[in-house]
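Taking it in order: structure first as structure tokens, then the write-up.
In full-length UniProt numbering, the protein residues as written are 1 to 359.
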């Protein structure tokens, strides 16, 4: 027979202890937030799982002691199991929220809105992959721990462990490509071969790395298309990374002009074009004649910019300026020359007429 007075007393005591712990923790967070403002955000994000964890932890011993020794009722066993499962889920939820908070703190410190953001993009890539690993690991561990508390699962687990060798072989064969992409995603995150916002050329397409997951990478093409590639692509296929060491790039502008062009005048026009734009970073600029065949002179201008986007715009600007100057001044406009050579053996018109009639 259950003594309801004693039962309510125990429950009230457990709830009182839980509320005391919750209140103390909240007060400690408020005091710590005065010195570390981020503690307030941590308290807000983990408030619910922490309260559930504290209440379940304090109530679980009470539920275990309330069950009569002679009682074999199924609802007692399931009630205790549900209480344990809730405590385990709350613990996993709380630990996951704390881990995600710490990772988000690292993300906020990795600013990508500055000029030299290579290290920040590397850190951001690694933290985003770690977030996904944290969530996946927390779910697996929490579900596994919760299942082990349910009646009958231990016996089922023993039979599963007995055939673990065969199951692992079958699973490895079935998930070979998935596991390869997962390990490739981890290798990308910590191998520093490619990071978020890197400028890459893949599959003859130029774009930015927009997202890196454990199984695939999303590349945002210059025309706002998305190219989705498996993670193994970046570990098995050569690709161009224009911003691996720095975002600064060097580009060329080539023009085929006439032999009459004045290279020195073109150099002055290159300087004039660079003086009218902020796209040039001031590092390098030059203009040379690189070829002279087939009736054309090939002129190449070399310029530099802070990143790939500015370099493309700068090349267009220089090309437009030089082409416009050549068009307006005429010198250097492509021409095709035809030389008419008279036939010395042809003779005069009358002589040709006489030969024609004589024949």
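In this text, a Cβ means the ideal position worked out from N, Cα and C, and glycines have one as well.
_residue 180 beta carbon less than 8 angstroms from that of residue 232_ = yes
*Neighbourhood of residue 319 by C-beta, 7 angstroms cutoff - its chain only, sequence neighbours within 5 removed*: 253
*Go ahead and pull the three-state DSSP assignment for residue 249.*
strand
*Can you give the beta carbon distance from residue 261 to residue 297, rounded, assuming they're within the 8 angstroms contact cut?*
6 angstroms
*Indicate whether the contact test is met: 3 or more Cβ pairs, each with one atom in the stretch 274–291 and one in the stretch 301–312, closer than 8 angstroms.*
yes
_the stretch 89–103 in contact with the stretch 45–53 per 3-pair CB rule at 8 angstroms_ = yes
*Could you spell out where the beta strand (DSSP E) holding residue 235 opens and where it closes?*
Segment 233–236 is the alpha helix (DSSP H) holding residue 235; no beta strand (DSSP E) there.
*Give the secondary structure of residue 222 by DSSP, where H, G and I count as helix, E and B as strand, and everything else as coil.*
coil
_Using the three-state DSSP reduction, which class does residue 15 fall into: helix, strand or coil?_
helix
*Can you tell me the Cβ-Cβ gap for residue 196 and residue 101, rounded? I've got them flagged as a contact below 8 angstroms.*
The pair is not a contact, with the Cβ atoms about 21 angstroms apart (cut-off 8 angstroms).
*Quick one: Cα of residue 17 to Cα of residue 214, how far?*
43 angstroms
*Which partner residues of residue 229 appear in the DSSP bridge assignment?*
217
*asked:* In the DSSP assignment, the beta strand (DSSP E) including residue 207 goes from what residue to what residue?
replied: 205–212
*Taking the DSSP output, what are the residues bridged to residue 293?*
296
*Taking the C-alpha atoms as reference points, what is the distance between residue 158 and residue 148?*
At residue 158 the pLDDT is 44, less than 50, meaning the model places this residue with poor confidence; the figure from the coordinates comes in the next sentence. Cα to Cα, residue 158 sits roughly 11 angstroms from residue 148.
*asked:* the ligand MG and residue 212: does the residue's C-beta get closer than 7 angstroms to at least one heavy atom of that ligand?
replied: This structure lacks the ligand MG; in fact it carries no ligand of any kind.
*Could you tell me the distance, in whole angstroms, from the CA atom of residue 45 to the CA atom of residue 106?*
Using only the alpha carbons, I get a separation of about 16 angstroms.
_Going by DSSP in three states, residue 34 sits in which element: helix, strand or coil?_
coil
*DSSP-derived helix/strand/coil call for residue 338*: coil
*Consult DSSP for residue 280 and reduce its assignment to one of helix, strand or coil.*
strand
_Could you give the first and the last residue of the continuous alpha helix (DSSP H) run that contains residue 318?_
308–329
*State the Cα-Cα distance for the pair residue 202 and residue 58, rounded to the nearest angstrom.*
57 angstroms
*asked:* Please classify residue 248 as buried or exposed, where buried requires at least 16 other C-beta atoms within 10 Å of its C-beta.
replied: buried
*Would you list the residues sitting across from residue 193 in a DSSP beta bridge?*
None, per the DSSP bridge assignment.
*Is it the case that the Cβ atoms of residue 198 and residue 121 are separated by a distance below 8 angstroms?*
Judged by their CB atoms, residue 198 and residue 121 are nearer to each other than the 8 angstroms cut-off.
_6 angstroms Cβ shell around residue 211 - same chain, five flanking residues per side excluded_ = 218, listed in sequence order.
*With residue 270 and residue 301 assumed to form a contact (beta carbons below 8 angstroms), what rounded beta-carbon distance in angstroms separates them?*
5 angstroms
*Could you work out which residue in 139, 135 and 334 is closest to residue 259 when comparing CA atoms only?*
Of the candidates 139, 135 and 334, the one whose C-alpha sits nearest the C-alpha of residue 259 is 334.
*The beta strand (DSSP E) spanning residue 261 covers which residue range?*
Premise fails: residue 261 is in no beta strand (DSSP E) and is neither H nor E.
*Could you give the DSSP three-state label for residue 124: helix, strand or coil?*
helix
*Can you have a look at residue 275 and say buried or exposed, based on whether 16 or more other CB atoms are within 10 angstroms of its CB?*
exposed
*asked:* DSSP has residue 285 in a bridge; who is on the other side?
replied: 303
*Please name the residue in 185, 228 and 137 whose C-alpha comes closest to that of residue 125.*
185
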